[in-house]
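S.K.: Dropping the structure in here first, questions after.
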Amino acid sequence: MYLTEEPLDITALLASVQSAERGGVACFLGTVRNHHQGREVVRLEYSAYAPMVEVECARIVAESQARWDVKVALQHRIGRLEIGDAAVAVAAASAHRDEAFLACRHVIEELKLRVPIWKREYYADGTVEWVEAGKRVSGEEGKQEAVSAGASDSSRRPAARIHAVPE
Amino acid sequence: MPVTAPFPITVRVLLFASYADTLGFDSVELSFDPPATVGDALDRLRSLPGGERLPPKPLCAVNLTHVRSGTLLSGGDELAILPPLAGG
Numbered sequence: 106m107y108l109t110e111e112p113l114d115i116t117a118l119l120a121s122v123q124s125a126e127r128g129g130v131a132c133f134l135g136t137v138r139n140h141h142q143g144r145e146v147v148r149l150e151y152s153a154y155a156p157m158v159e160v161e162c163a164r165i166v167a168e169s170q171a172r173w174d175v176k177v178a179l180q181h182r183i184g185r186l187e188i189g190d191a192a193v194a195v196a197a198a199s200a201h202r203d204e205a206f207l208a209c210r211h212v213i214e215e216l217k218l219r220v221p222i223w224k225r226e227y228y229a230d231g232t233v234e235w236v237e238a239g240k241r242v243s244g245e246e247g248k249q250e251a252v253s254a255g256a257s258d259s260s261r262r263p264a265a266r267i268h269a270v271p272e
Numbered sequence: 016m017p018v019t020a021p022f023p024i025t026v027r028v029l030l031f032a033s034y035a036d037t038l039g040f041d042s043v044e045l046s047f048d049p050p051a052t053v054g055d056a057l058d059r060l061r062s063l064p065g066g067e068r069l070p071p072k073p074l075c076a077v078n079l080t081h082v083r084s085g086t087l088l089s090g091g092d093e094l095a096i097l098p099p100l101a102g103g
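This is the structure in structure tokens:
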């Protein structure tokens with residue numbers, strides 16, 4: 106399961122990608138910040154379209170593992186999170202560091218563009234707002250961006266063409 | 016009995032986060048005479064109270080896959096209208 110309501114277990118996530126052949130392991134953690142656009146944030150609440158999160162994360166993992174010689178794992182937490190809590194964790198392991206870093210970066214960027222998760226910020230002044238950080242992703246424009254995000258870097262191998270957005 | 020007109024199709028529409036707040040519900044069943052597209056479903060939602068606040072081209076998914084607004088709907092489809100994503 107890519108979604109959990111429990112605190113993320115980073116050690117287990119890393120262990121799930123490590124092996125004797127894969128000596129390079131990259132990890133990205135997204136943790137809850139105490140500020141957003143100059144406002145003091147006291148906590149967050151994440152919600153999700155859970156069935157699609159599972160499907161879309163599986164696509165991103167499959168696509169990454171087809172594109173690079175890596176093993177990838179990720180997990181996103183939902184529910185109430187406090188400042189400093191890890192909301193998302195990505196781990197990528199490969200024989201060498203280059204592919205591990207590339208795959209790790211790819212997974213978190215694609216997650217932000219394609220995976221249906223939303224967050225509500227609770228501010229110190231008592232107000233609560235849905236965060237629309239992904240506003241650039243909304244509608245057709247965002248889809249083009251999602252496509253180019255996977256296709257623009259010519260230094261990578263061609264994408265495995267499991268992209269979410271039909272042409 | 017001869018069929019003289021196409022049967023209407025029914026799709027389940029899901030709304031999330033700010034869109035569910037805007038329209039006041041998170042799930043609704045809509046029926047259409049085929050052919051009907053995602054855009055037709057969005058037009059129907061816009062005719063409901065609060066629906067005018069939906070953006071012109073929201074992110075949409077049918078049966079858990081991102082789609083464009085011209086995508087044709089089939090009976091039994093699950094259409095999700097997705098506010099700007101904010102995972103990570």
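Protein chains in written order, with the numbering used here: chain V, 106 to 272; chain E, 16 to 103. Using N, Cα and C, we set each Cβ at its ideal position, and we do this for glycine too. Predicted, not measured: the structure shown is a model, and the values here were computed from it.
Check whether chain V comes within 8 Å of Gly-102 of chain E, counting only Cβ atoms and requiring the distance to be less than that.
M.R.: yes
S.K.: Below 8 Å between beta carbons: does that hold for Leu-100 of chain E and Val-220 of chain V?
M.R.: Cβ distance < 8 Å, so Leu-100 of chain E and Val-220 of chain V count as in contact.
S.K.: For Val-146 of chain V, collect the residues of the same chain with a Cβ closer than 8 Å to its Cβ; drop the 5 residues on either side in sequence, then sort them by chain order.
M.R.: Val-137, Arg-138, Asn-139, His-140, Ile-188, Glu-226, Tyr-227, Tyr-228, Ala-229
S.K.: Below 8 Å on the Cβ atoms is my contact criterion, and I expect Ala-196 of chain V with Gly-129 of chain V to pass it. Report the Cβ-Cβ distance as a whole number of Å.
M.R.: About 11 Å separates the two Cβ atoms, so there is no contact after all.
S.K.: How would you write the range of the alpha helix (DSSP H) that Leu-38 of chain E sits in, first residue to last?
M.R.: 32-38
S.K.: Spell out whether any CB of chain V is found under 8 Å from the CB atom of Ser-33 of chain E.
M.R.: yes
S.K.: Return the residue from the list V:Glu-234, V:Gly-231, V:Cys-209, V:Glu-214 that minimises the CA-CA distance to Leu-119 of chain V.
M.R.: V:Cys-209
S.K.: Quick check: what's the CA-CA separation for Val-77 of chain E versus Ile-96 of chain E?
M.R.: 9 Å
S.K.: Got a sec? Which residues, its chain only, sit under 7 Å from Gln-249 of chain V by beta carbon, not counting five neighbours each side?
M.R.: At Gln-249 of chain V, the pLDDT of 33 sits below 50, so the modelled position is not reliable; the number obtained from the coordinates is stated separately. If we look at Gln-249 of chain V and ignore the five residues flanking it on each side, it has no Cβ neighbours.
S.K.: Mind checking if Ala-192 of chain V is an interface residue toward chain E, Cβ cutoff 8 Å exclusive?
M.R.: Cβ-Cβ to chain E under 8 Å: yes for Ala-192 of chain V.
S.K.: With which residues is Arg-225 of chain V paired in a DSSP beta bridge?
M.R.: V:Glu-150, V:Trp-235
S.K.: Which of helix, strand or coil does DSSP assign to Gly-247 of chain V?
M.R.: Its pLDDT being 37, under 50, Gly-247 of chain V is placed unreliably in this model, and the coordinates cannot settle the point.
S.K.: Verify the CB distance criterion: does His-140 of chain V have a CB-CB separation below 8 Å to chain E?
M.R.: no
S.K.: Interface residues of chain E around Ser-152 of chain V at Cβ under 9 Å?
M.R.: Chain-ordered, the chain E residues with CB closer than 9 Å to the CB of Ser-152 of chain V read Phe-31, Ala-32.
S.K.: Would you say Arg-211 of chain V and Gly-102 of chain E are within 8 Å of each other, going by their C-beta atoms?
M.R.: The identity of residue 211 of chain V in the sequence shown is His, whereas the question assumes Arg. For His-211 of chain V and Gly-102 of chain E, no; Cβs fall outside 8 Å.
S.K.: Taking Cβ to Cβ, would you say Thr-52 of chain E is nearer than 8 Å to Leu-88 of chain E?
M.R.: yes
S.K.: Between the Cα of Ala-35 of chain E and those of V:Tyr-154, V:Thr-116, V:Gln-123, V:Pro-112, spot the shortest distance and give me the residue it belongs to.
M.R.: Ranking V:Tyr-154, V:Thr-116, V:Gln-123, V:Pro-112 by Cα distance to Ala-35 of chain E puts V:Tyr-154 first.
S.K.: First and last residue of the alpha helix (DSSP H) that includes Ala-95 of chain E?
M.R.: From DSSP, Ala-95 of chain E is part of no alpha helix (DSSP H) but of the beta strand (DSSP E) over 93-97.
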